[in-house]
Amino acid sequence: MVRKNKENSTNKEKSIYYDLKKFHNNNSDALYSNQDFETAGIKEFNWITKRTQPLKAYEKNRLANGLVKILLKDELSDYTLSNINKYINLNPIISYYENFIKSFKDSLEFNTENSKINNLIRKMIMESNSSEEIKLGLILAPICKIENIKEILSIFSIHNDYIFYVIKAYEYIGKCNNIIFELAKKSTGYGKVFCVMNLSPINYEIKKWMIEEGSVNKVGIPELLSSSMLSMDLLEYLENFEFDGVEIEVFAKSFSMMLSDYGLDEIKDGIKTCDKLVEIIDKVNGKIYSLYSVISIIYSIEAILIDDYKTKRSHSFFKFSNQVKGIIENCKKICKKEIWHKIIEDQISNENIESSVLISCSEKTNYQLKKKEFEIILKRDTANPLLYKYAFSVGNKSLKKCAFNIGLKNLPMNELLSGQGEMRIDNLAYEDIAQICFFIIIKYSKYEEFPDKYKELNLRALKSPLVETRIQAVTNLQRFREEFDSFDKELIYDVIDGEMVRAIRRTLNSLLIKTNNKEKKYIEIKDNMHIEEHTKDIYLNNIYVAGINYIDISEVYNKLTEGNMLYLKREINNEYDSNAILISTVDGYVIGYIPKESNLILKNLMDNGKYLYGKVKEISDDYQSINIDIYLSYKDIIEEITGTLSLLSVERKFYLQ
Numbered sequence: 001m002v003r004k005n006k007e008n009s010t011n012k013e014k015s016i017y018y019d020l021k022k023f024h025n026n027n028s029d030a031l032y033s034n035q036d037f038e039t040a041g042i043k044e045f046n047w048i049t050k051r052t053q054p055l056k057a058y059e060k061n062r063l064a065n066g067l068v069k070i071l072l073k074d075e076l077s078d079y080t081l082s083n084i085n086k087y088i089n090l091n092p093i094i095s096y097y098e099n100f101i102k103s104f105k106d107s108l109e110f111n112t113e114n115s116k117i118n119n120l121i122r123k124m125i126m127e128s129n130s131s132e133e134i135k136l137g138l139i140l141a142p143i144c145k146i147e148n149i150k151e152i153l154s155i156f157s158i159h160n161d162y163i164f165y166v167i168k169a170y171e172y173i174g175k176c177n178n179i180i181f182e183l184a185k186k187s188t189g190y191g192k193v194f195c196v197m198n199l200s201p202i203n204y205e206i207k208k209w210m211i212e213e214g215s216v217n218k219v220g221i222p223e224l225l226s227s228s229m230l231s232m233d234l235l236e237y238l239e240n241f242e243f244d245g246v247e248i249e250v251f252a253k254s255f256s257m258m259l260s261d262y263g264l265d266e267i268k269d270g271i272k273t274c275d276k277l278v279e280i281i282d283k284v285n286g287k288i289y290s291l292y293s294v295i296s297i298i299y300s301i302e303a304i305l306i307d308d309y310k311t312k313r314s315h316s317f318f319k320f321s322n323q324v325k326g327i328i329e330n331c332k333k334i335c336k337k338e339i340w341h342k343i344i345e346d347q348i349s350n351e352n353i354e355s356s357v358l359i360s361c362s363e364k365t366n367y368q369l370k371k372k373e374f375e376i377i378l379k380r381d382t383a384n385p386l387l388y389k390y391a392f393s394v395g396n397k398s399l400k401k402c403a404f405n406i407g408l409k410n411l412p413m414n415e416l417l418s419g420q421g422e423m424r425i426d427n428l429a430y431e432d433i434a435q436i437c438f439f440i441i442i443k444y445s446k447y448e449e450f451p452d453k454y455k456e457l458n459l460r461a462l463k464s465p466l467v468e469t470r471i472q473a474v475t476n477l478q479r480f481r482e483e484f485d486s487f488d489k490e491l492i493y494d495v496i497d498g499e500m501v502r503a504i505r506r507t508l509n510s511l512l513i514k515t516n517n518k519e520k521k522y523i524e525i526k527d528n529m530h531i532e533e534h535t536k537d538i539y540l541n542n543i544y545v546a547g548i549n550y551i552d553i554s555e556v557y558n559k560l561t562e563g564n565m566l567y568l569k570r571e572i573n574n575e576y577d578s579n580a581i582l583i584s585t586v587d588g589y590v591i592g593y594i595p596k597e598s599n600l601i602l603k604n605l606m607d608n609g610k611y612l613y614g615k616v617k618e619i620s621d622d623y624q625s626i627n628i629d630i631y632l633s634y635k636d637i638i639e640e641i642t643g644t645l646s647l648l649s650v651e652r653k654f655y656l657q
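Just so we're aligned, residue 1 is where the sequence shown starts under full-length UniProt numbering, counting upward by one.
Written out as structure tokens, the structure is:
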């Protein structure tokens with residue numbers, strides 16, 4: 001990185017400007033190499049994309065006016081520059097630059113000592129080692145018409161820390177779109193994001209570049225897509241250009257990237273654009289990204305259909321229903337072409353092709369990845385959940401073993417087993433994506449496939465920070481409940497002490513409960529036993545389930561939770577109690593009985609055609625105490641009304657409606 005500190009120096013060798021100028025003169029049009037392209041410019045990026053909390057309007061005005069006041073003092077000296085330096089390092093100019101420009105221009109009209117200001121600006125730009133001073137100087141330079149400004153801007157354009165301010169300076173000067181385009185073509189990192197966001201597609205050359213190359217970058221992809229692909233009339237572009245295999249491949253790559261971040265309804269004429277693209281790909285022999293764009297279209301349409309089904313809404317998308325149906329059929333037809341298998345096979349070793357592209361293409365074309373091929377992909381992208389999902393869902397036994405062994409060897413196991421936490425899949429940060437990979441291994445690996453490692457792995461997984469992984473590990477360990485040795489039990493007791501999620505702690509306790517002398521009981525859940533809650537249901541009583549000590553309820557340890565509905569059924573032939581009432585889950589698993597002292601009135605209600613049900617109120621950590629509320633259902637009243645209406649007319653459904 002360019003050296004930065006808060007001190008100024010007239011020594012050219014210590015000046016950022018002269019450091020960049022020397023590089024610029026020796027490396028014509030090259031970007032400054034001694035910068036981190038993944039971080040340089042990130043402060044400006046976070047501000048303009050509002051990833052950093054923006055200041056309120058009055059705060060921006062106050063900071064802008066404060067800086068202008070320091071700049072336009074009558075006496076300009078090194079002391080003034082020192083004050084400016086302190087001010088802008090405490091309050092970076094990016095957070096209020098627009099307000100500052102307006103305030104400075106307004107104040108400049110009443111200032112007659114422009115030469116002093118100009119000298120100060122040149123000093124900030126050319127002699128400073130402070131990045132913030134240089135940024136301020138670049139903002140002021142075009143306003144004050146500093147000499148040789150274009151040369152200055154050209155020099156600072158090679159560093160991503162300054163290119164945002166360079167672009168703003170060019171925009172102030174005017175007629176700069178072609179200059180920004182030239183900067184964009186050679187830029188990368190956040191510098192490219194700033195260029196593309198400020199570039200206008202005023203001619204075919206720029207439009208073509210923005211569509212085909214505008215979003216190719218390692219950072220800021222959604223913003224690049226929004227400013228390039230998403231802002232274009234892609235349908236017009238597809239209709240007015242003749243594509244060959246190479247050209248459609250370039251377009252298809254950008255288009256599939258866009259669909260990974262944006263929905264079809266966010267693209268202008270999205271359905272028609274997809275239809276046209278599919279038509280072209282069907283005619284032109286593209287490569288793997290042509291196939292992947294077709295698959296991305298299928299995924300995007302499916303996502304809308306699923307979302308509409310869940311939200312029970314009718315999407316405007318469906319006015320194109322016949323066209324959508326045609327697109328899906330054509331996409332599936334394209335995926336069945338024999339050419340794709342060879343194309344996928346040839347791209348396995350290509351490190352520039354993303355794993356998600358290879359996996360999606362393999363799935364949709366029914367290309368069966370060989371173990372060696374899958375191993376190549378997994379070793380270069382070990383922390384990609386999609387690879388584990390593929391191996392355990394559609395892969396054969398050898399692929400599952402490959403994912404299992406390589407994953408446990410190469411994933412950061414110290415982080416994955418760092419201790420119980422409250423991390424959940426829904427709010428995982430991207431840097432924790434390996435947690436998903438480990439979760440998939442725990443959830444989908446089977447004892448029969450890994451008998452030597454299965455128990456030990458799941459015991460270790462009890463210390464995962466991810467809640468879902470711990471829940472699944474406890475579920476997997478239920479099969480070993482009667483087989484734990486003293487070391488296993490000691491580990492489980494230790495995990496119970498550290499477990500902060502009550503539901504998991506309760507299920508962990510269940511692993512240590514002996515059930516070998518208990519009986520498992522099931523009942524058949526007949527149609528007339530099904531009950532739905534109704535607002536007119538009546539609360540009757542609260543009881544503790546009896547008989548738990550004599551019934552094996554191990555199968556509901558990780559399923560029964562507070563709020564679950566329970567069914568009640570008379571057990572007329574019970575040899576110990578003729579009033580006996582069984583309590584079962586909705587799946588028919590018996591967990592106990594209504595206590596004898598509480599069952600007489602409930603029994604009479606049930607024998608007289610009333611429907612009763614229970615709801616779990618509380619469960620103890622060791623499952624030895626289950627408290628439930630008993631309700632009288634409104635179901636029998638509904639049946640009476642229905643029966644009466646059916647007597648009045650054979651058109652029963654008419655009356656019900």
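By construction, the Cβ of each residue, glycine as well, lies at the ideal position given by its N, Cα and C atoms.
Next item on the list: Closer than 6 Å by C-beta to Y96: which residues in its own chain qualify, once you throw out the five before and the five after it? Chain order, please.
Entry: The answer, listed in chain order, is K60, L63 and A64.
Next item on the list: Pull up the distance between the alpha-carbon of L264 and that of T39, whole angstroms please.
Entry: Distance between the alpha carbons of L264 and T39 is about 31 Å.
Notebook entry, point to check: My guess is that I70 and E133 are in contact by the Cβ rule of under 8 Å, so how many angstroms apart are they, rounded?
Noted result: Not a contact, Cβ separation roughly 12 Å.
Note to self: Beta-carbon within less than 7 Å of D552's beta-carbon, same chain only, minus the 5 sequence neighbours each way: which residues are those?
What the structure shows: T515, K518, E519 and K520
Check: What are the complete alpha helix (DSSP H) segments, minimum 4 residues, inside the UniProt domain "HIRAN" (538-637)?
Finding: For the UniProt domain "HIRAN" (538-637), whole alpha helix (DSSP H) runs of length 4 or above, ordered along the chain, are 599-607.
Check: Where does Y454 fall in DSSP's three states?
Finding: helix
Check: Nearest to I630 by CA position, among D587, A580, N608 and L566, is which residue?
Finding: L566
Next item on the list: Tell me whether L253 is buried or exposed, calling it buried when 16 or more other Cβ atoms sit within 10 Å of its Cβ.
Entry: Going by the sequence as given, residue 253 is Lys instead of Leu. Buried, since its Cβ has 16 or more Cβ neighbours within 10 Å.
Checklist line | Residue range of the alpha helix (DSSP H) that includes I158 | finding: Segment: none, I158 is in no alpha helix (DSSP H) and carries neither H nor E.
Check: What is the DSSP secondary structure of M423, counted as helix, strand or coil?
Finding: strand
Item checked: Neighbourhood of N46 by C-beta, 7 Å cutoff - its chain only, sequence neighbours within 5 removed -> T52
Notebook entry, point to check: In chain order, what residues of the same chain have a beta carbon less than 7 Å from the beta carbon of I543, not counting five sequence neighbours either side?
Noted result: I594, P595, S598, I628 and I630
Notebook entry, point to check: Would the stretch 425-437 and the stretch 372-387 be scored as touching if the rule is three or more Cβ pairs under 8 Å?
Noted result: In short, these stretches touch, since the Cβ pair count reaches three.
Notebook entry, point to check: How many angstroms separate the CA atom of S77 from the CA atom of K56?
Noted result: 32 Å
Item checked: the stretch 124-138 contacting the stretch 165-178, beta-carbon criterion three pairs below 8 Å -> Note that the stretch 124-138 touches the stretch 165-178; at least 3 beta-carbon pairs, one per stretch, sit closer than 8 Å.
Notebook entry, point to check: Nearest to S625 by CA position, among V586, V545 and Y367, is which residue?
Noted result: V545
Next item on the list: Tell me whether T585 is buried or exposed, calling it buried when 16 or more other Cβ atoms sit within 10 Å of its Cβ.
Entry: The residue in question, T585, is buried, as its Cβ has 16 or more Cβ neighbours within 10 Å.
Notebook entry, point to check: With contact counted as at least three CB pairs below 8 Å, one residue from each stretch, are the stretch 393-413 and the stretch 444-462 in contact?
Noted result: Under the Cβ criterion (8 Å, minimum of three pairs), the stretch 393-413 counts as touching the stretch 444-462.
Margin query: Taking a contact to mean a Cβ-Cβ separation below 7 Å, would you say I344 touches S360 in this structure?
Written below: no
Checklist line | Nearest neighbour of K332, chosen from L305, S356, K364 and D346 [CA to CA] | finding: K364
Check: Of the residues L602, E532, K192 and G270, which one's Cα is nearest the Cα of E213?
Finding: K192
Item checked: Cβ contact (3+ pairs, closer than 8 Å) linking the stretch 279-294 and the stretch 350-359 -> They touch, by the three-pair rule.
Margin query: Considering only their Cβ atoms, is the gap separating I348 from E329 smaller than 7 Å?
Written below: Contact check for E329 against I348 fails: the beta carbons are separated by 7 Å or more.
Next item on the list: Kindly list the residues whose CB is nearer than 7 Å to the CB of I248, restricted to its own chain and excluding five residues on each side of it in sequence; keep chain order.
Entry: If we look at I248 and ignore the five residues flanking it on each side, its Cβ neighbours are I280, I281, V284, G286 and S290.
Notebook entry, point to check: What residues in its chain sit with their C-beta under 8 Å from that of S15, if we drop five residues either side in the sequence?
Noted result: S9, M126, E127, S128 and N129
Margin query: Quick check on E519: does DSSP put it in helix, strand or coil?
Written below: strand
Checklist line | Residues near M500 in its chain [Cβ-Cβ closer than 7 Å; skip 5 each side] | finding: Cβ within range, chain order: Q420 and E422.
Next item on the list: Rounded to whole angstroms, what's the CA-CA distance from D621 to S296? Just pull it up for me.
Entry: 47 Å
Item checked: Cβ contact (3+ pairs, closer than 8 Å) linking the stretch 220-238 and the stretch 267-279 -> yes
Check: Is it buried or exposed for E575, if we count other Cβ within 10 angstroms and need 16 for buried?
Finding: Its Cβ having fewer than 16 others within 10 Å, E575 is exposed.
Margin query: Which residues does DSSP list as the beta-bridge partners of L277?
Written below: L277 is not bridged to any residue.
Checklist line | Exposure label - G407; buried when at least 16 CB within 10 Å | finding: Counting Cβ neighbours within 10 Å, G407 comes out buried, since at least 16 surround it.
Checklist line | Uninterrupted beta strand (DSSP E) stretches inside the stretch 125-191 (no shorter than 3 residues) | finding: Segments of the beta strand (DSSP E) lying fully in the stretch 125-191: there are none.
Note to self: By DSSP's criteria, L511 is part of a beta bridge. Which residues make up the other side?
What the structure shows: BP columns for L511 are empty, so no partner.
Item checked: Sub-7 Å separation of L568 and L612 beta-carbons -> yes
Next item on the list: Indicate the three-state DSSP secondary structure (helix, strand or coil) for L81 in the structure shown.
Entry: Looking at L81 - three-state DSSP - the assignment turns out to be helix.
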